[in-house]
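A.B. asks: Got a structure for you, written out below as structure tokens; questions coming shortly.
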Amino acid sequence: MNVQEIVEKLYREDSRRIFATLIRLLGDIDLAEESMHDAFKLAMKQWPLEGIPDKPFAWLVSTARFRGIDRIRRERRVTSLDQLEETAAAISDPSPEVSMDPVVPDDQLRLIFICCHPALSSDAQVALTMREVCGLTTEEIANAFLASTPTIAQRIVRAKAKIRDAKIPYQIPSQSELPARLASVLRVIYLVFNEGYSPSSGALVTRGDLSQEAIRLTRWLLQLLPVPEVSGLLALMLLHESRREARSDDAGNLVPLDEQDRGRWNVELMTEGTFLVRQSLASGGVGPYALQAAISAIHADAKSASDTDWNQIVGFYDLLVQLVPTPIVELNRAVAVAMRDGPLSGLALIDNLLELEELQRYHLAHAARADLCRRLGHNDEALVSYQHALDLTQQEPERRFLQNRMDQLLSSSS
Amino acid sequence: MNYLCLVYLSKDNWSSCPDSDCFAFAQKIQESGHMIAAQALQPIESATTVRVRNGQVSLTDGPFAETKEQLAGFYLIEAVDLNEAIYWASKIPPAKYGSIEVRPIRQLNV
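As given, the protein sequences belong to chains F and G, one line each in that order. The first sequence begins at 157 in this note's numbering and counts up by one. The second sequence begins at 26 in this note's numbering and counts up by one.
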């Protein structure tokens, strides 16, 4: 490797960690970013001439820190000279952890907790996490979420302004706050995963890059914060991910779980997911993600759809409904009940749930109802519900799937 | 850093929160050293909105915007950061009936 390649490798692999530490040392996200880039630029120029320093990592952190202090001296509008010197002195005061080991894992946790702070809007949390923690460019985030680059850029700028102006602290939440704050981090990661696994709009069934990013982020989080709910989420995502290939056919059409070729499920991911969910449940992690992962693991365990232990699945849904009493969880439970006790029992539950306005606007509620009606041979009712579902979804593969089901019903009844 | 915690209540809940609760909280936050000032407001019917346009003062009866929840009072508090401000805002008794907006105080740029 030549020097340039080494610098590029350092940037790829370590720039987020360096960045996280610089935010703590410099107290400002933008300043940390700019100073880090200064340091990398300087490395590109100096290292080929003077050789690579013994500790390239520490060199980059301390160079960036001094660059940051220079920037403050040059650019910051401060009211008095005293104050300026004071700020610069406070920042340049070398703390022991900087000289010994420049990167504290806690800095990376601080970074993710600040990006997922609940005082920021959900959209902003997602964009900021992808940008600052994962290091994606604004263009990449915009592409992934099918938004325009200026929209994402503005979202990130606003979020950073709020962090600065409202003084959102760069710290790991205290033990008492941790569960709620961690929930918000996990929610952001799961949103990113789901946008990659079943995009809310667009032509593809899945967008693997986003899901990969979410999984990578969770693995990293699990190393820093080994608690059952994090391994529960990782298990859930790995188990979903194991079915990615089987979820769409060669023509890009959606294949429902019961019709998937189980031979195409990724055994490696399934095994790891199942192991993690057992571990999570065994260590008392009966949180929402671990429970959903447990349900997914039962599917992974079944040789066919009919071979599935629906009784156990309904049992896990009963627990999940208690923890997360939302209509969507109730809907999933109803589908599991239909598989265990027959379509008629499920239909009664779903019809009850469809009284709720929230579910009336949710295409999968109508699709689930249509499916049960179809299995009962109530073709007219099924067609009406498929049409409702079709009217409510923008995702093209799902639309084709629903249209196919309708065509099949129409041709069978004529 | 100073934060203004604005207490919003809907008309239905305007009198739901007992004054004694608010008084007890005010004493507690005063003792903690985080309080700068706090006041409860008269109902919105007593509000007058003042605007100056082209040098002319114009008055409107009522609050600036007729929203479902109206400004009912405020606390001006001191906190090290937003997390601490949110902690104290969540303890304000009417938070149970309405909502509290937490706004950082801006230093004038002079």
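Just so you know, even glycine gets a beta-carbon here, dropped at the ideal spot from N, CA and C.
Suppose the cutoff is 7 angstroms on Cβ atoms and the five residues either side in sequence are ignored; what does the same chain contact list for Ile297/F look like?
C.D. replies: Here the question's residue 297/F lines up with position 141 in the first sequence. Same-chain partners within the cutoff: Ala283, Met286, Arg287 and Ile308.
A.B. asks: Name the two residues that bound the continuous alpha helix (DSSP H) containing Arg530/F.
C.D. replies: The residue given as residue 530/F occupies position 374 in the first sequence. Residues His519 to Leu532.
A.B. asks: Within the 8 angstroms Cβ cut-off, does Pro325/F reach chain G?
C.D. replies: Counting from 1 along the first sequence, the entry for residue 325/F is found at position 169. Closer than 8 angstroms: yes.
A.B. asks: Would you mind sorting Gly443/F into buried or exposed? The rule is 16 or more other CB atoms within 10 Å of its CB.
C.D. replies: As a working mapping, residue 443/F is identified with position 287 in the first sequence. The residue is buried, with at least 16 neighbouring Cβ atoms inside 10 Å.
A.B. asks: Measuring CA to CA, which of Ser71/G, Pro118/G and Lys116/G is closest to Phe89/G?
C.D. replies: Position 64 of the second sequence, counted from the first residue, corresponds to residue 89/G. Considering only alpha carbons, the answer is Ser71/G.
A.B. asks: So what does DSSP say about Glu94/G, is it helix, strand or coil?
C.D. replies: Numbered from 1 along the second sequence, position 69 holds the residue referred to as residue 94/G. Looking at Glu94/G - three-state DSSP - the assignment turns out to be strand.
A.B. asks: To the nearest angstrom, report how far apart Arg517/F and Leu548/F are at their CA atoms.
C.D. replies: For the purposes of this step, residue 517/F is taken as residue 361 along the first sequence, with counting starting at 1. For the purposes of this step, residue 548/F is taken as residue 392 along the first sequence, with counting starting at 1. So the alpha carbons of these two residues sit roughly 7 angstroms apart.
A.B. asks: Helix, strand or coil for Pro274/F? Go by DSSP, reduced to three states.
C.D. replies: In the first sequence, residue 274/F corresponds to position 118, counting from 1. Coil, per DSSP.
A.B. asks: Using the C-alpha atoms, what's the distance from Val386/F back to Ser436/F?
C.D. replies: In the first sequence, the residue the question calls residue 436/F occupies position 280. In the first sequence, the residue the question calls residue 386/F occupies position 230. Taking the straight line from one Cα to the other gives about 9 angstroms.
A.B. asks: Spatial neighbours of Ser45/G within its chain, please: C-beta separation below 7 angstroms, excluding the five flanking residues on both sides.
C.D. replies: On the second sequence, residue 45/G is found 20 positions in, with the first residue counted as 1. Nothing listed; no residue qualifies.
A.B. asks: Using the beta-carbon count (16 or more within 10 Å), is Ile125/G buried or exposed?
C.D. replies: Taking the first residue of the second sequence as 1, we reach residue 125/G at position 100. Buried.
A.B. asks: What do you reckon, are the CB atoms on Val289/F and Leu378/F nearer than 8 angstroms?
C.D. replies: Mapped onto the first sequence, residue 289/F falls at position 133. Mapped onto the first sequence, residue 378/F falls at position 222. Taking 8 angstroms as the Cβ cut-off, Val289/F and Leu378/F do not qualify as a contacting pair.
A.B. asks: Decide if Leu33/G is buried, meaning its Cβ has at least 16 other Cβ atoms within 10 Å, or exposed.
C.D. replies: What you label residue 33/G is simply residue 8 of the second sequence in a count that begins at 1. For the sequence presented, residue 33/G should be read as Tyr rather than Leu. Buried.
A.B. asks: To the nearest angstrom, how far is it from the Cα of Ile179/F to the Cα of Trp466/F?
C.D. replies: The residue labelled residue 179/F in the question sits at position 23 within the first sequence. The residue labelled residue 466/F in the question sits at position 310 within the first sequence. Taking the straight line from one Cα to the other gives about 49 angstroms.
A.B. asks: Please report how far the alpha carbon of Leu558/F lies from the alpha carbon of Gln550/F, in whole angstroms.
C.D. replies: Position 402 of the first sequence, counting from 1, holds the residue named residue 558/F. Position 394 of the first sequence, counting from 1, holds the residue named residue 550/F. Looking at the two C-alpha atoms, the distance is approximately 12 angstroms.
A.B. asks: Assuming Tyr28/G and Arg128/G form a contact by the criterion Cβ under 8 angstroms, report the distance between their Cβ atoms to the nearest whole angstrom.
C.D. replies: Locating residue 28/G in the second sequence gives position 3, where the first residue counts as 1. Locating residue 128/G in the second sequence gives position 103, where the first residue counts as 1. The pair is a contact, with the Cβ atoms about 7 angstroms apart (cut-off 8 angstroms).
A.B. asks: Applying a beta-carbon distance threshold of less than 9 angstroms, which residues of chain F neighbour Asn27/G?
C.D. replies: Stepping through the second sequence from its first residue, residue 27/G is reached at position 2. Those within 9 angstroms of Asn27/G in chain F number zero; the least Cβ separation is about 10 angstroms.
A.B. asks: Note down, in chain order, every chain G residue with its Cβ under 7 angstroms from the Cβ of Ala188/F.
C.D. replies: Your numbering for residue 188/F matches position 32 in the first sequence. By Cβ distance, chain G contributes nothing, its closest Cβ being about 18 angstroms from Ala188/F, past 7 angstroms.
A.B. asks: If you draw a straight line from the alpha carbon of Val159/F to that of Ile312/F, how long is it in whole angstroms?
C.D. replies: Stepping through the first sequence from its first residue, residue 159/F is reached at position 3. Stepping through the first sequence from its first residue, residue 312/F is reached at position 156. Taking the straight line joining both Cα atoms gives about 33 angstroms.
A.B. asks: Please report whether the beta-carbon of Asp184/F lies at a distance below 8 angstroms from any beta-carbon of chain G.
C.D. replies: Here residue 184/F refers to the residue found at position 28 of the first sequence. With 8 angstroms as the cut-off, Asp184/F does not count as an interface residue toward chain G.
A.B. asks: Within the present structure, is the beta-carbon of Ala303/F separated from the nearest heavy atom of the ligand GDP by less than 7 angstroms?
C.D. replies: The model depicted lacks the ligand GDP and carries no ligand whatsoever.
A.B. asks: Specify, as a first and last residue, the run of the beta strand (DSSP E) that Thr307/F falls within.
C.D. replies: Here residue 307/F corresponds to residue number 151 of the first sequence, with the count starting at 1. Thr307/F -> not in any beta strand (DSSP E); alpha helix (DSSP H) instead, spanning Thr305 to Asp321.
A.B. asks: Just how far apart, CA to CA, sit Thr235/F and Tyr346/F?
C.D. replies: On the first sequence, residue 235/F is found 79 positions in, with the first residue counted as 1. On the first sequence, residue 346/F is found 190 positions in, with the first residue counted as 1. For Thr235/F, the pLDDT reaches just 48, beneath the cut-off of 50, and the residue's location in the model is therefore unreliable, although a value from the coordinates is still provided. Rounded to the nearest angstrom, the two C-alpha atoms are 44 angstroms apart.
A.B. asks: Between Cys30/G and Tyr100/G, how many whole angstroms is the CB-CB distance? I'm expecting something under 8 angstroms.
C.D. replies: Start at 1 with the first residue of the second sequence, and residue 30/G comes out as number 5. Start at 1 with the first residue of the second sequence, and residue 100/G comes out as number 75. Right, their Cβ atoms sit about 4 angstroms apart.
A.B. asks: Does the CB of Ala275/F have a neighbour CB from chain G at under 8 angstroms?
C.D. replies: Counting from one through the first sequence, the residue named residue 275/F turns up at place 119. Cβ-Cβ to chain G under 8 angstroms: yes for Ala275/F.
A.B. asks: Which residues does DSSP pair with Glu295/F in a beta bridge?
C.D. replies: On the first sequence, position 139 is the one that residue 295/F refers to. Partner(s): none; Glu295/F has no beta bridge.
A.B. asks: Specify the secondary structure class of Tyr353/F as computed by DSSP and reduced to three states.
C.D. replies: Here the question's residue 353/F lines up with position 197 in the first sequence. It is helical.
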